[in-house]
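Everything below concerns the one structure shown next.
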Amino acid sequence: MSALYRQSSRRRLLACAAFAGLALLPLLLQAFGQEFYISFAARLLIFALAATSLNFVVGFGGMIAFGHAAFFGAGAYTVAILMENGIASAVLGWPLAVAVSALLALGVGLVSLRTRGVYFIMITLAFAQMIYYLFISLKVWGGDDGLSLATRSSLGPLDLKDDAVFYWVALACLAACLLFLDRITHARFGRVLQAIRENESRMEGLGYPVLRYKLLCFVIGGAMAGLAGALIANHGQLASPNLLQWTQSGTLLVMVIVGGVGALYGGVVGAATLLLLEELLSHFTSHWHAALGLMLLLVVFRAPRGIAAYVHEACSRKKAKESPDE
Amino acid sequence: MTQLFLEQALNGLQFGLMLFLLAAGLTLVFGIMDMINLAHGSLYMVGAYLAAAAAAASGSFIAGVLAAVLGTALLGALLEVTVLRRLYTRDHLSQVLATFALILIANEAVRMVWGDQAMLLNPPEALSGPVEIGGFSYPAFRLLIIAVGAAVALLLYLVVTRTRVGMWVRAGASNREMTEALGINVKRLFTLVFAAGAGLCALAGAMLGPLLAVQVGMGESILILAFVVIVIGGIGSIRGALVGSLLVGVVDTLGRALLPWLLRSFLPGEVAANLGPALAAILIYLLMAAVLFWRPAGLFPARG
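Protein chains in written order, with our numbering: chain A, 237 to 562; chain B, 919 to 1222.
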């Protein structure tokens, strides 16, 4: 799995090209008069960010967290609540959303990391459910209906109400987060984290403060999910309790697994695959959920380590065939 | 007040026993095969639908329940042999993904067969009214649920603790490799356990059907509760599942009924009206977090 993280100039070039292509997408869509899809693409980027943040926790920290929606939703609600109280500035609101989610992750992580395995899965789920029910029953913050935003956040001279501008901001956030993750996974912190994932007791024996490393990883993942939440609240101009529901945690986890656990672009690939399939299949049949289910089963049995890893392996097999004496 | 308290306590007991029917199968699947089965709730849903359809076709509630239990057990065995069996050796993440896929498929399949509308499942005519017990009235059908739940729990307890098959199951839960080494066909045993678990799911679905709505998605909400139960009780332990389900059922029901009232006695009305339902809804998750904090392997850990 670690091979996926090997830095190579070719891969960096490829990533730059991909992002340049993505940056041009709104212009292309506008040229073809398909403006509707700009908003869809922005949503896809936001979910890619959320899935990436979870992939950092699951793939690097080796912690199967089943309550990531809590941090996603907390970010969304922070922005919405600030807006309700007259603070629409993104410069103020978004960092605060990140901070709130990070703090929440710190609290949840402190308790949950005492357990492991299935129990960890369940206790993170329990915390997420608590937050879900809390928001559902607090009438001040919209209860069942959620809290709608009067307008999108204001970000300096940028007009976020323009879908294309919003798309670029989301893309910039995703790119920044991916770059950040790429850097820290190759730094000492990331190396230690991966070592802990592979053999926790050995690292403990070597004197590393294992719990602190895992906690920091969990908090970073939560903080990033908070940013994604701030974006999704702006996207639909609604902080809905659905964002906090356990099915949301499940969907994010499915995106990560489909894309590739522990692959840098796993979250992006997974989110894109799932949302595009959803969009595509729903055009053909109203029973697209079943088709999606069948495809997921196919992934489990045919590409057990996710699509990103599958492509990677297929590429290296091809390479090996081309130069057999290497 | 005593009337309210007694009624809610009985409701809690009834809900807890139904949760136990779900949790018993789940905890064994989890305990023996170390397998996370998110699709367990779908079996509950399919059971409820089968019961409603069979009851409507035959006009008899009992026939509906029997058909549901048998049909779902068969479906469970089929599912185990075709899909789930391949997942036992895989990691938890693959299991989550595959069983999540099964939920999607099951929900759509039910929608295709029975449509989007919620189905009606009526309790038998004779049991639709309340009964009087010592100057206190309680719905007869809920009493039946309690009776059925208690009988099944007792039966399951006897099977697991007193019979040879039960011994194999317990052995499988505490040490699977050793059990296989002693010549028990754990694979076949497991298909049996899975089918039985599916049957119990269907029973719970059929009994709760008249109280809750029979609709798509009914499995997901109760699945989370069943997971909470088995985590509190300790994964793989039938006794833990029983204690956990009763605890969750009673705490949840009593919390919802009594907490708002309790809060009102020392908080201003507005705050209590807001805080009460919120607190009641998170009570069982609080309970689970607390149990895991002090006993990280649940109340009755199955593995020594």
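Where is the CB? At the ideal position from N, CA and C, for every residue including glycine.
Output, in chain order, the set of chain B residues within a Cβ distance shorter than 7 Å of M299 (chain A).
-> For the purposes of this step, residue 299 (chain A) is taken as the residue at position 63 of the first sequence. The contacting residues do not exist; M299 (chain A) stays about 12 Å from chain B at best.
Under 8 Å from the C-beta of Y546 (chain A): neighbouring residues of chain B = By 1-based counting over the first sequence, the position of residue 546 (chain A) is 310. By Cβ distance, chain B contributes nothing, its closest Cβ being about 14 Å from Y546 (chain A), past 8 Å.
Contact check, I1140 (chain B) vs L940 (chain B) under 8 Å by CB: the rounded distance?
-> Against the second sequence, residue 1140 (chain B) aligns to sequence position 222. Against the second sequence, residue 940 (chain B) aligns to sequence position 22. Correct: roughly 7 Å between the Cβ atoms.
Is L332 (chain A) near C413 (chain A), with beta carbons less than 9 Å apart?
-> In the first sequence, the residue the question calls residue 332 (chain A) occupies position 96. In the first sequence, the residue the question calls residue 413 (chain A) occupies position 177. No. Outside cutoff.
What does a CB cutoff of less than 6 Å around G1167 (chain B) pick up in its chain, not counting 5 residues either side in sequence?
-> Working through the second sequence from its first residue, we reach residue 1167 (chain B) at position 249. Correct list, in chain order: G930, F933, G934 and L937.
Quick one: what does DSSP say E271 (chain A) is sitting in, helix, strand or coil?
-> Reading the first sequence from its first residue, position 35 is the one you call residue 271 (chain A). DSSP places E271 (chain A) in coil when its eight states are reduced to three.
Contact with chain A by Y1006 (chain B), beta-carbon distance below 9 Å = As a position in the second sequence, residue 1006 (chain B) is number 88, starting the count at 1. Not one chain A Cβ lies under 9 Å of Y1006 (chain B).
For V1111 (chain B) and V490 (chain A), the rounded distance between their alpha carbons = Here residue 490 (chain A) refers to the residue found at position 254 when the first sequence is read from its first residue. Here residue 1111 (chain B) refers to the residue found at position 193 when the second sequence is read from its first residue. The straight-line gap from Cα to Cα measures roughly 28 Å.
Listing by chain order, which chain B residues have their CB less than 8 Å from the CB of Y369 (chain A)?
-> For the purposes of this step, residue 369 (chain A) is taken as residue 133 along the first sequence, with counting starting at 1. Within chain B, the residues near Y369 (chain A) are A1196, A1199, I1200 and Y1203.
Name the DSSP bridge partner or partners of E549 (chain A)?
-> Your numbering for residue 549 (chain A) matches position 313 in the first sequence. None; E549 (chain A) has no bridge partner.
Sequence-distant residues of the same chain with beta carbon closer than 6 Å to I359 (chain A), five excluded per side | The residue labelled residue 359 (chain A) in the question sits at position 123 within the first sequence. Excluding sequence neighbours, I359 (chain A) sits near S348 and T351.
Hey, out of A:A278, A:L328, A:A507 and A:M366, whose CA is closest to A287 (chain A)'s CA?
-> Indexing the first sequence from 1 puts residue 287 (chain A) at position 51. The residue with the shortest Cα to Cα distance from A287 (chain A) is A:A507.
Three CB pairs or more closer than 8 Å across the stretch 380 to 389 of chain A and the stretch 502 to 517 of chain A = no
Is any beta-carbon of chain A found at less than 9 Å from that of R1029 (chain B)?
-> Here residue 1029 (chain B) corresponds to residue number 111 of the second sequence, with the count starting at 1. Yes - at least one Cβ of chain A is within 9 Å of the one on R1029 (chain B).
How would you list, in chain order, the residues of chain B whose beta-carbon sits under 9 Å from the beta-carbon of Y355 (chain A)?
-> For the purposes of this step, residue 355 (chain A) is identified with residue 119 of the first sequence, where counting begins at 1. What Y355 (chain A) touches in chain B: V1149, I1153, L1210, P1214, A1215 and G1216.
Tell me, please, whether the stretch 535 to 551 of chain A touches the stretch 1035 to 1042 of chain B by the rule of three or more beta-carbon pairs shorter than 8 Å.
-> no
How about V347 (chain A): is its C-beta nearer than 9 Å to some C-beta of chain B?
-> Looking up residue 347 (chain A) in the first sequence gives position 111. Interface residue, yes.
Figure out for me which residue from B:A1198, B:G1152 and B:R1029 has the closest Cα to the Cα of V1209 (chain B).
-> As a first step, residue 1209 (chain B) is located in the second sequence; it is residue number 291 there, counting from the start. V1209 (chain B) has its Cα closest to that of B:G1152, out of B:A1198, B:G1152 and B:R1029.
Same chain only: Cβ atoms within 6 Å of A1089 (chain B), ignoring 5 sequence neighbours per side | Locating residue 1089 (chain B) in the second sequence gives position 171, where the first residue counts as 1. Closer than 6 Å at the Cβ level, and outside the excluded window around A1089 (chain B), lie T1097.
Helix, strand or coil at L414 (chain A) [DSSP, three-state] | Here residue 414 (chain A) is taken as the residue at index 178 of the first sequence, counted from 1. Helix.
Grab the span of the beta strand (DSSP E) containing E1043 (chain B) for me, first residue to last.
-> As a position in the second sequence, residue 1043 (chain B) is number 125, starting the count at 1. No beta strand (DSSP E) contains E1043 (chain B), which DSSP labels as neither H nor E.
Assign E1051 (chain B) to buried or exposed, taking buried as 16 or more other Cβ atoms, counted over all protein chains shown, within 10 Å of its Cβ.
-> By one-based count along the second sequence, residue 1051 (chain B) stands at place 133. Sequence inspection shows Ile at residue 1051 (chain B); the Glu mentioned does not correspond to that position. Per the 10 Å Cβ criterion, exposed.
So is E1095 (chain B) buried or exposed if we call it buried at 16+ other beta carbons inside 10 Å?
-> As a first step, residue 1095 (chain B) must be located in the second sequence, where it is residue number 177. Under this definition E1095 (chain B) is an exposed residue.
Verify the CB distance criterion: does G457 (chain A) have a CB-CB separation below 9 Å to chain B?
-> For the purposes of this step, residue 457 (chain A) is taken as residue 221 along the first sequence, with counting starting at 1. For G457 (chain A), the answer is no, since every Cβ of chain B falls outside 9 Å of its Cβ.
Roughly how many angstroms lie between the CA atoms of L1067 (chain B) and R1174 (chain B), to the nearest whole one?
-> For this step, residue 1067 (chain B) is matched to residue 149 along the second sequence. For this step, residue 1174 (chain B) is matched to residue 256 along the second sequence. Residue identity differs from the one stated: residue 1067 (chain B) is Gly in this sequence, not Leu. Going by the C-alpha atoms only, they are around 22 Å apart.
Do you know offhand how far A411 (chain A)'s Cα is from F402 (chain A)'s?
-> Within the first sequence, residue 411 (chain A) is the residue found at index 175, counting from 1. Within the first sequence, residue 402 (chain A) is the residue found at index 166, counting from 1. When rounded, the distance between both Cα atoms is 14 Å.
Report yes if the C-beta distance between A466 (chain A) and V334 (chain A) is below 9 Å; otherwise report no.
-> Within the first sequence, residue 466 (chain A) is the residue found at index 230, counting from 1. Within the first sequence, residue 334 (chain A) is the residue found at index 98, counting from 1. In this structure, V334 (chain A) lies closer than 9 Å to A466 (chain A) by Cβ.
Examine chain B for any beta-carbon lying closer than 9 Å to the beta-carbon of T314 (chain A), and answer yes or no.
-> Against the first sequence, residue 314 (chain A) aligns to sequence position 78. T314 (chain A) does not count as touching chain B.
When DSSP labels each residue in this structure, what does S1163 (chain B) get in the three-state scheme?
-> Along the second sequence, one-based indexing puts residue 1163 (chain B) at 245. S1163 (chain B): helix per DSSP, three-state reduction.
Can you say whether K450 (chain A) is buried or exposed, counting buried as having 16 or more other CB atoms within 10 angstroms of its CB?
-> Here the question's residue 450 (chain A) lines up with position 214 in the first sequence. When all chains shown are included, K450 (chain A) counts as buried.
If you scan the stretch 300 to 385 of chain A from start to end, which runs of the alpha helix (DSSP H) of 4 or more residues do you find wholly inside it?
-> 305 to 320, 326 to 348 and 354 to 373
Could you tell me which residues DSSP pairs with P1195 (chain B) in its beta bridges?
-> The sequence position of residue 1195 (chain B) within the second sequence is 277, counting from 1. None, per the DSSP bridge assignment.
Looking at chain B, which residues of the stretch 485 to 505 of chain A have a Cβ within less than 9 Å of any of its Cβ atoms?
-> G486, T487, L489, V490, V492, I493, V494 and V497
Under 8 Å by Cβ, that's how I've got P262 (chain A) and A400 (chain A) pegged, so tell me the actual separation to the nearest angstrom.
-> Counting from one through the first sequence, the residue named residue 262 (chain A) turns up at place 26. Counting from one through the first sequence, the residue named residue 400 (chain A) turns up at place 164. About 4 Å; that satisfies the 8 Å criterion.
By the 10 Å Cβ neighbour count, where 16 or more other Cβ atoms means buried, how is F923 (chain B) classified, buried or exposed?
-> By 1-based counting over the second sequence, the position of residue 923 (chain B) is 5. The residue is exposed, with fewer than 16 neighbouring Cβ atoms inside 10 Å.
Segment contact, 8 Å Cβ cut-off, at least three pairs: the stretch 1114 to 1121 of chain B with the stretch 977 to 995 of chain B = yes
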